[in-house]
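Novice:
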Amino acid sequence: MAAQKRLVSTAAKLASVSTAHLPRFPPREAIFKQTEIPKPPFAPEAWASTQPPPPSALSAFAHRIGLASVLSTPQSVLRVCTHSSFANFQKQTAPHEKIQHTNAHLTPIGNALLGLFASEFIQTAYPHLPTRVLKAAVSAHVGTNTCAAVAQEMGATPLLRWHRTDDVTYSDALASVPRAITALIYEKLSLLSARQFVHSYFLSREIDLRGMIKFRQPKIALLEMIKKLGREYPKSRLLKETGRFSNSPVFVVGIYSGADKLGEGFGSSLRMAEYRAAEDALHRVYLTRVPNHLMNLPTSTFPAGLGSVFDVKGAEQPHTPADLGMAEVEYGRSGRSSAGYTN
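In terms of this note's numbering, the sequence shown is residues 816 to 1158.
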């Protein structure tokens, strides 16, 4: 009787456990029977963790994210919300039950597609972005933490089925849900449909790229960039100042190449203002963004029909590759010195 009471109280506390759709409640394991061979005690928490969410919650999730045509059955929703770590946990706690399908093979495909769409988008939008900063931007857009945050916004938290291990954390399990959804869209619809989903949920977010670029010696890096572009030697000019002989002076310095002002910075000293001006000039170059209507993504060449890239039929779209941006600025000899920026 005590085990049954704990079972009911545990099921009531978990929002994802509903007894209305279960074929039998309470389960046979919860009913105490005196036998000659003692049985292990019934664990209500473990039993509740292995129960599937109600079909109504699964259907509501598919309609809430606008993918009812892709996640057309509760089983498909349950599949994308079941992490691979849940299979071993179910074998240990409920070996007599049918092993549920997990998103084990969907997650790697979705992760690769997320990286593909994010890389081509950032590279096309910011052609001068350094490689290391590009990698950091891709991680910020479609990394594990971002995927977990998107899954929470979708409302996948109460539907997630997973088990904590040494190699699997809650963020890892939650991040597998949008990755599996991306792969499922690609399998059932097309590559362009999966790209539209990623752009809507991931790449529409604003990322602070400026904070990812930190310069060790911006003046030297700016000089190398000016030489590469064939522009006039940069010169610093004092634009404004106040309180030079006070305790809190402020100087505003601009860096010019001929008549063009490349950057502007302020500081409590001329050296600090010149440092920030060179940093601002480099940021303006590296963070030059191509407008959305002028972007031509490489994946746009695939036909717009249904099916994978190997099965879809139709005419391929023309693609004009963008001009290559500047390579990373490096100075020194024999590659022993580092680049002029860090991320």
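Glycine is no exception: its CB is placed at the ideal position from the N, C-alpha and C atoms.
Fair warning: this is a prediction, and the values are worked out from it, not measured in the lab.
1) The beta strand (DSSP E) with E1079 in it runs from where to where?
2) For T1057, which of S1072, G1082, A952 has the nearest alpha-carbon?
3) In angstroms with no decimal places, state the Cα-to-Cα distance between P1118 and R1010.
4) Just to confirm, is the Cβ distance from T1135 to N1107 under 8 angstroms?
5) Among residues of its own chain, excluding the 5 on either side of G1120, which ones have a beta-carbon nearer than 7 angstroms to its beta-carbon?
6) DSSP puts Q904 in a beta bridge; with which residues?
7) Just list the residues that DSSP pairs E1056 with in beta bridges.
8) Count the other C-beta atoms from every protein chain shown that fall within 10 angstroms of the C-beta of K906, then say buried if there are 16 or more, exposed otherwise.
9) Would DSSP call N1158 helix, strand or coil?
10) Alpha helix (DSSP H) containing D1095: first to last residue?
11) Please classify F1125 as buried or exposed, where buried requires at least 16 other C-beta atoms within 10 Å of its C-beta.
12) Tell me, please, which residues DSSP counts as bridged to Y1071.
13) I'd like the ranges of any alpha helix (DSSP H) spanning at least 4 consecutive residues and lying wholly in the segment 861-893.
14) Relative to the C-alpha of Y941, which residue among P867, V1105, H956 is closest?
15) On the DSSP bridge list, what partners appear for G1122?
16) Taking C-beta to C-beta, are V992 and A966 nearer than 8 angstroms?
17) So, for R1025: in the same chain, excluding its five sequence neighbours on each side, which residues have a beta-carbon less than 7 angstroms away from its beta-carbon?
18) Alpha carbon to alpha carbon, what distance is there between L873 and P1033?
19) Can you tell me where the alpha helix (DSSP H) with N960 in it begins and where it stops?
20) Can you tell me the Cα-Cα spacing of S934 and K1043, whole angstroms?
Specialist: Reading off the structure:
1) Where E1079 is concerned, the enclosing beta strand (DSSP E) stretches over 1075-1082.
2) Nearest of S1072, G1082, A952 to T1057, Cα basis: G1082.
3) The straight-line gap separating the alpha-carbon atoms of P1118 and R1010 is approximately 13 angstroms.
4) No. Outside cutoff.
5) Excluding positions up to five away in sequence, the list reads S1005, V1127, K1128, G1129.
6) Sequence inspection shows Phe at residue 904; the Gln mentioned does not correspond to that position. BP columns for F904 are empty, so no partner.
7) F1066, per the DSSP bridge assignment.
8) Flag for K906 reads exposed.
9) For N1158, the predicted model reports a pLDDT of 46, less than 50, meaning its position is unreliable; a value from the coordinates is still stated below. Annotated three-state conformation of N1158 is coil, per DSSP.
10) It spans 1085-1101 - the alpha helix (DSSP H) in which D1095 sits, taken as one unbroken run.
11) The residue is exposed, with fewer than 16 neighbouring Cβ atoms inside 10 Å.
12) Beta-bridge pairing links Y1071 to K1050, K1076.
13) Fully enclosed alpha helix (DSSP H) runs of 4 or longer: 870-879.
14) Distances from the alpha-carbon of Y941 to those of P867, V1105, H956 put V1105 closest.
15) Its beta-bridge partners are S1005.
16) Yes; because the gap between Cβ atoms is below 8 angstroms, this pair is in contact.
17) Taking R1025 as the centre and dropping the five residues before and after it, the same chain places the C-beta of H1098, L1102 closer than 7 angstroms to its C-beta, in chain order.
18) P1033 and L873: Cα-Cα distance of roughly 53 angstroms.
19) Per DSSP, the unbroken alpha helix (DSSP H) holding N960 starts and ends at 959-969.
20) In a straight line, the C-alpha of S934 is about 26 angstroms away from that of K1043.
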